[in-house]
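There are 2 protein chains.
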Amino acid sequence: MKEAIERLREIDREIYRLSEISAALGWDQETYMPPGALNDRAEQQSIVEGMIHERITSAEVGNILEKLGVDLENLSADLVIDGLEEIDNAFVREIARFYKRETKLPKKLVEEYAREASISQSRWVEARKASDFSIFKPHLEKVLSLKCEIADLIGYEKERYDALLDSYEPWMKTEELLSVFERFEGRIKEFVKRIVASGKKVNNDFLYRSFDRKKQEEFGRFILGEMGFDFERGRLDVSAHPFTTSLGFADVRLTTRYNEKDFKSGLFGIIHEGGHGLYEQGFSEKLIGILADGTSMGIHESQSRMWENLVGRSLPFWKAYFPKLKETFPGELSDVSLEDFYRGINEITPSLIRVEADEVTYNLHIIIRFKLERELLNGKLKVQDLPEAWNSEYSGLLGIKPPNDADGVLQDIHWSHGYFGYFPTYSLGNLYSAQFFAKMKSEIPGLEDEIGKGNLQVVLSWLREKIHRHGRVYPATKLCMEVTGETLDPDYFMKYLEGKYQDIY
Amino acid sequence: MKEAIERLREIDREIYRLSEISAALGWDQETYMPPGALNDRAEQQSIVEGMIHERITSAEVGNILEKLGVDLENLSADLVIDGLEEIDNAFVREIARFYKRETKLPKKLVEEYAREASISQSRWVEARKASDFSIFKPHLEKVLSLKCEIADLIGYEKERYDALLDSYEPWMKTEELLSVFERFEGRIKEFVKRIVASGKKVNNDFLYRSFDRKKQEEFGRFILGEMGFDFERGRLDVSAHPFTTSLGFADVRLTTRYNEKDFKSGLFGIIHEGGHGLYEQGFSEKLIGILADGTSMGIHESQSRMWENLVGRSLPFWKAYFPKLKETFPGELSDVSLEDFYRGINEITPSLIRVEADEVTYNLHIIIRFKLERELLNGKLKVQDLPEAWNSEYSGLLGIKPPNDADGVLQDIHWSHGYFGYFPTYSLGNLYSAQFFAKMKSEIPGLEDEIGKGNLQVVLSWLREKIHRHGRVYPATKLCMEVTGETLDPDYFMKYLEGKYQDIY
Chain A
-13 MKEAIERLRE
-3 IDREIYRLSE
7 ISAALGWDQE
17 TYMPPGALND
27 RAEQQSIVEG
37 MIHERITSAE
47 VGNILEKLGV
57 DLENLSADLV
67 IDGLEEIDNA
77 FVREIARFYK
87 RETKLPKKLV
97 EEYAREASIS
107 QSRWVEARKA
117 SDFSIFKPHL
127 EKVLSLKCEI
137 ADLIGYEKER
147 YDALLDSYEP
157 WMKTEELLSV
167 FERFEGRIKE
177 FVKRIVASGK
187 KVNNDFLYRS
197 FDRKKQEEFG
207 RFILGEMGFD
217 FERGRLDVSA
227 HPFTTSLGFA
237 DVRLTTRYNE
247 KDFKSGLFGI
257 IHEGGHGLYE
267 QGFSEKLIGI
277 LADGTSMGIH
287 ESQSRMWENL
297 VGRSLPFWKA
307 YFPKLKETFP
317 GELSDVSLED
327 FYRGINEITP
337 SLIRVEADEV
347 TYNLHIIIRF
357 KLERELLNGK
367 LKVQDLPEAW
377 NSEYSGLLGI
387 KPPNDADGVL
397 QDIHWSHGYF
407 GYFPTYSLGN
417 LYSAQFFAKM
427 KSEIPGLEDE
437 IGKGNLQVVL
447 SWLREKIHRH
457 GRVYPATKLC
467 MEVTGETLDP
477 DYFMKYLEGK
487 YQDIY
Chain B
-13 MKEAIERLRE
-3 IDREIYRLSE
7 ISAALGWDQE
17 TYMPPGALND
27 RAEQQSIVEG
37 MIHERITSAE
47 VGNILEKLGV
57 DLENLSADLV
67 IDGLEEIDNA
77 FVREIARFYK
87 RETKLPKKLV
97 EEYAREASIS
107 QSRWVEARKA
117 SDFSIFKPHL
127 EKVLSLKCEI
137 ADLIGYEKER
147 YDALLDSYEP
157 WMKTEELLSV
167 FERFEGRIKE
177 FVKRIVASGK
187 KVNNDFLYRS
197 FDRKKQEEFG
207 RFILGEMGFD
217 FERGRLDVSA
227 HPFTTSLGFA
237 DVRLTTRYNE
247 KDFKSGLFGI
257 IHEGGHGLYE
267 QGFSEKLIGI
277 LADGTSMGIH
287 ESQSRMWENL
297 VGRSLPFWKA
307 YFPKLKETFP
317 GELSDVSLED
327 FYRGINEITP
337 SLIRVEADEV
347 TYNLHIIIRF
357 KLERELLNGK
367 LKVQDLPEAW
377 NSEYSGLLGI
387 KPPNDADGVL
397 QDIHWSHGYF
407 GYFPTYSLGN
417 LYSAQFFAKM
427 KSEIPGLEDE
437 IGKGNLQVVL
447 SWLREKIHRH
457 GRVYPATKLC
467 MEVTGETLDP
477 DYFMKYLEGK
487 YQDIY
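Protein chains in written order, with my numbering: chain A, -13 to 491; chain B, -13 to 491.
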């Protein structure tokens, strides 16, 4: 048994390194790659993904799993193999999950998908620049059709969405997701409506003065350092769409983008990605391999959204850092008080761009995407009708119509990669983040005072201990139970919003 | 037969993509990788190199070569397989060469070498920064001992150096190299001696005024554009040591470094790497695979050295571009005339740093390295004695003693990667460049006038047609014969120097 696990670890180590290589190629593509290299990169990604597929689906892996007595047909988050310690048990569970999924896909399809996704992503950048959906359309169609094929091969009981959601939020079914959304969708819409109806306005014109790009970056790096991001083991760069990726166990790369006319864009992008980055830098070294990863995208987003909103948009945080910000931008912010700044960055207002939305209306952006991508997958919506459907949803739910494709249907990178089923994890992240933060507050007396003193280390230490170091050892629901003693409960998020915004609105 | 070649091409295509991936990882390591990621990267490189090795040494490749009737024992640059067209013939020759070499090495050794070379390269960066050879010493020892093991496994008739030289200058033996060096080593030493003895001084203090880094970069990019470098299919970045690498057929990356106190360093680094880059961007698309590469490093260096020196340090070149340079640096160069500038950048003076040396004394730097690395390989010199040997050679041949390791034995990246046998190709490059340029001049009437008008396209077109597009189809000696009608003759280089420097000194 020990020998079998050892051998599996060897195979896993190679797969892990290949995944890092794929991440390196992906990072480069979105940061520095010259545009002409698109086809080269697509070929390279296709080869690497093919190799990963070959390794995880090898007969040897199948034999070892069989020898270990894993019942692939009834694989579940609760898999227990007698005689294995917790980490080894989780390791076998995740390998089995990966094996089960990949063995259903032919290598050719995996390679084709990798190639098309790589090309499609580049075309999306181009289309977004030109604000022209038609450039992107044929590629999105191709990627969507490949994803449908993949979902059908993987299989599902109720709907295609299940098969894809599972790659971002392991073990979760669309049905459960819908039931979670049911418990907060109405309340969040109601909440937004109430605030809009109140007619109260927050003045934050000062956020749209001109903020020097270099200084924004300098301040962003300072904040990342304060959060505990280790620049010896990571970087910050610029890309069309902010993201975080790991090119190695000790190589976590964040990106953001800067807008000189909107202060929020760059900094809150950095804090958000910083939250992801801290999770990635926090896995226990003994997990290196398939377990050294976020346990679900919902949990991953809980880390980014917590730092961005519950910490980064809190009054204590700015009590600590507003003086430094004013030092960095003396001309731009000299006439702004801490309280006005705090209110300014917490304005709730329907807006066009998801990543720049306030933490309340943000969820409406997710609701729209979740709905549209489900319709795309079950064939109710055609790609050609997507821009119109997008605009009509925005008009309906947020009351604003995107003036162009770039700020509308082309704003997010996800679909270009074929990441259908990803978006809802952002809202799950919001929900988890509030529940985790409530627990943290109850366990750390004076938490807000510490944040107010710029001691963000208390936050990071708690997260490291409770969440980060475990990587994928606990599936999301189990982790939530371990950390908070409860299952996911949207109440925490709604209470957090109500408490915060009654002071502001 | 056609089928066999087709299958070989498939295998080659995968190897080619894997080599590009290795190049991508290498490029990232030297430009943007955070220092903590060293071990991750070494593991990744080790896996990729292991995969390349596995593919090229597969029984299938051996069988195909046998079926094609390739006699591996007597493989030569003149291999002719009946019934094959020129390109297919060259393709089989290069695959056979690679196969023969790699089958002699166990995969474990290839992986270990890749890992150690990656680590060693990083330690070299560190050591150079700290100007402390002792940081680098154990890694150089390790890499040297692995390279000796590799050379012994590959085999050689006369000396270890043969086995390594062959990877940079295919088919060339140390003996031939020595005979080429014999025909110019004495003359070049004599030439330097004469100039130093003449007591004539060139005034170029103005090159060491303060040149803004950003503006240097801007001007460098402008010149690259003028040379015909395609930024859609390439990039320019900064690294500790200038280099060129291809991450894809359409993805050629150059690096340089800037010194605000020495104008020559950044720009001539850019022109040099630009010469490499143009070669890499000029391979015919039908060669994609093992033939889409420089045919030897000597030929590769002929391209970089030609652009750097025969073009970039010529009077016609600066007739075209000095006005633009003065515009870029009005304060710094307003009092400098074209002629003074031309003389200034062509000062011949013994100096410490190879890549910043003038085109004459440059060869003395090579002679020293060639001698020392041969001694390292045949065991006559120990790594621990290298800094002293280095300094003593510099005192003897150039009359200057490096004040520290950074500007002495640690200045070059090559040995850190285990590139023993590479340095002589720079001098070969100088020799080839002069011979090619003489031919170009004889074939293009008014060549210098065209350069003087900033029409560098005539140079590039000639190189594309005669050299670039052929990639590795012709081995170096054959290419030289095809282009110039003669074998390599150091006379061209000496005549070029004599003609140029009698005007200056």
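Just so you know, even glycine gets a beta-carbon here, dropped at the ideal spot from N, CA and C.
Per DSSP, which residues does serine 232(A) bridge with? Please list them.
Beta-bridge analysis with DSSP links serine 232(A) to Val238(A).
In whole angstroms, give me the CA-to-CA distance for glutamate 361(B) and isoleucine 257(B).
Going from the Cα of glutamate 361(B) to the Cα of isoleucine 257(B) covers about 32 Å.
Please name the residues in the region 223 to 234 of chain B whose beta-carbon is closer than 8 Å to at least one beta-carbon of chain A, in chain order.
Close to chain A, meaning a Cβ-Cβ distance shorter than 8 Å, are the following residues of the region 223 to 234 of chain B: Asp223, Leu233 and Gly234.
Is there a Cβ from chain B that is less than 7 Å from the Cβ of glycine 330(A)?
With respect to chain B, the C-beta atom of glycine 330(A) has no partner C-beta closer than 7 Å.
Rounded to a whole number of angstroms, what is the C-alpha to C-alpha distance between proline 20(A) and glutamate 162(A)?
Rounded to whole angstroms, proline 20(A) to glutamate 162(A) spans 43 Å at the Cα level.
Taking all protein chains shown into account, do 16 or more other C-beta atoms lie within 10 angstroms of the C-beta of glutamine 289(B), making it buried, or fewer, making it exposed?
Per the 10 Å Cβ criterion, buried.
Using a C-beta to C-beta distance shorter than 7 Å, which residues of chain B count as neighbours of arginine 221(A)?
Ordered by position in chain B, the residues that pass the 7 Å Cβ test against arginine 221(A) are Tyr18 and Pro20.
Going by the DSSP bridge assignment, what does leucine 222(B) pair with across the sheet?
Partner residues in the beta bridge of leucine 222(B), as assigned by DSSP, are Leu240(B).
Rounding to the nearest angstrom, what Cα-Cα distance links lysine 53(A) and tyrosine 85(A) in this structure?
Within the model, the alpha-carbon separation for lysine 53(A) versus tyrosine 85(A) is close to 14 Å.
Could you confirm whether any beta carbon from chain A is found closer than 7 Å to the beta carbon of glutamate 29(B)?
Output row for glutamate 29(B): interface = yes.
Any beta-carbon of chain B closer than 7 Å to the one on aspartate 26(A)?
Output row for aspartate 26(A): interface = yes.
Contact the region 99 to 111 of chain B vs the region 29 to 39 of chain B: 3+ CB pairs below 8 Å
Under the 8 Å Cβ criterion, the region 99 to 111 of chain B counts as touching the region 29 to 39 of chain B, having at least three qualifying pairs.
Does chain B have any CB closer than 7 Å to the CB of glutamate 218(A)?
It does; some Cβ of chain B falls within 7 Å.
Closest by CA to phenylalanine 254(B), which one among Asn332(B), Ser419(B) and Arg219(B)?
Ranked by how close their Cα comes to the Cα of phenylalanine 254(B), the residues Asn332(B), Ser419(B) and Arg219(B) have Asn332(B) in first place.
So with Cβ pairs under 7 Å, would you call glutamate 342(A) a contact of chain B?
No, its Cβ sits nowhere closer than 7 Å to a Cβ of chain B.
Among Ile67(A), Leu132(A), Ser153(A) and Ile136(A), which one has its Cα closest to the Cα of lysine 90(A)?
Measuring from the Cα of lysine 90(A), the nearest candidate turns out to be Ile136(A).
If we cut at 7 Å on Cβ distances, does arginine 243(B) have a partner in chain A?
No - not a single Cβ of chain A is within 7 Å of the one on arginine 243(B).
By the 8 Å beta-carbon criterion, what residues does the region 29 to 61 of chain A contribute toward chain B?
Taking 8 Å as the Cβ-Cβ cut-off against chain B, the residues of the region 29 to 61 of chain A that qualify are Glu29, Gln30, Ile33, Val34 and Met37.
Which first and last residues belong to the alpha helix (DSSP H) in which methionine 426(B) is found?
In the DSSP assignment, methionine 426(B) falls within the alpha helix (DSSP H) that extends over 410 to 429.
Could you say which of Val166(B), Val238(B) and Asp191(B) lies nearest to isoleucine 7(B) if we only look at CA atoms?
Ranking Val166(B), Val238(B) and Asp191(B) by Cα distance to isoleucine 7(B) puts Val238(B) first.
Rounded to whole angstroms, what's the CA-CA distance from arginine 41(A) to isoleucine 1(A)? Just pull it up for me.
When rounded, the distance between both Cα atoms is 7 Å.
Along the chain, which unbroken stretches of the beta strand (DSSP E) at least 3 residues long are found entirely within the region 119 to 160 of chain A?
Within the region 119 to 160 of chain A, complete beta strand (DSSP E) segments of at least 3 residues are not found at all.
Between glutamate 468(B) and tyrosine 460(B), how many whole angstroms is the CB-CB distance? I'm expecting something under 8 Å.
For glutamate 468(B) against tyrosine 460(B), the beta-carbon gap comes to about 6 Å, under 8 Å, which counts as contact.
Run through chain A and tell me which residues come within less than 7 Å of arginine 3(B), C-beta to C-beta.
In chain order: Glu29, Gln30 and Ile33.
Residues of chain B with CB closer than 7 Å to the CB of leucine 210(A), please, in chain order.
Chain B residues near leucine 210(A): none, gap ~13 Å exceeds 7 Å.
Anyone know if the C-beta pair for glutamate 218(A) and glycine 22(B) falls short of 7 Å?
It is a contact, given that the beta carbons lie within the stated cut-off.
Would you mind working out which of Val322(A), Asn189(A) and Arg291(A) sits nearest phenylalanine 494(A), comparing C-alpha positions?
Here chain A comprises residues numbered -13 to 491, so residue 494(A) is not present and cannot be evaluated.
Do leucine 132(B) and tyrosine 154(B) have their beta-carbon atoms positioned less than 7 Å apart in this structure?
In this structure, tyrosine 154(B) keeps its C-beta atom at 7 Å or more from the C-beta atom of leucine 132(B).
Counting only the same chain and skipping the five closest in sequence on each side, list residues whose C-beta sits under 7 Å from that of glutamate 71(B).
For glutamate 71(B), where only same-chain residues beyond five positions count, there are no Cβ hits under 7 Å.
Using a beta-carbon distance below 7 Å, is glutamate 6(B) in contact with chain A?
Yes, contact with chain A.
Provide the residue span of the alpha helix (DSSP H) that contains lysine -12(A), from first to last.
Unbroken alpha helix (DSSP H) run through lysine -12(A): -12 to 17.
Using a C-beta to C-beta distance shorter than 9 Å, which residues of chain A count as neighbours of aspartate 138(B)?
Listed by position along chain A, the residues whose Cβ is nearer than 9 Å to that of aspartate 138(B) form an empty set, because the closest Cβ is around 29 Å away.
Can the beta-carbon of lysine 310(B) be found less than 7 Å from the beta-carbon of leucine 319(B)?
Contact annotation: lysine 310(B) and leucine 319(B) have beta-carbon atoms that are not nearer than 7 Å.
By the 9 Å beta-carbon criterion, what residues does the region 285 to 303 of chain A contribute toward chain B?
Residues of the region 285 to 303 of chain A with a Cβ closer than 9 Å to any Cβ of chain B: none.
Grab me the residues of glutamate 246(A)'s own chain with a C-beta within less than 6 Å of its C-beta, minus the 5 sequence neighbours each way, in chain order.
Closer than 6 Å at Cβ, skipping near neighbours: Ser196, Phe197 and Arg199.
Out of curiosity, what's the CA-to-CA distance linking proline 156(A) and alanine 462(A)?
Approximately 8 Å, taken between the alpha carbons.
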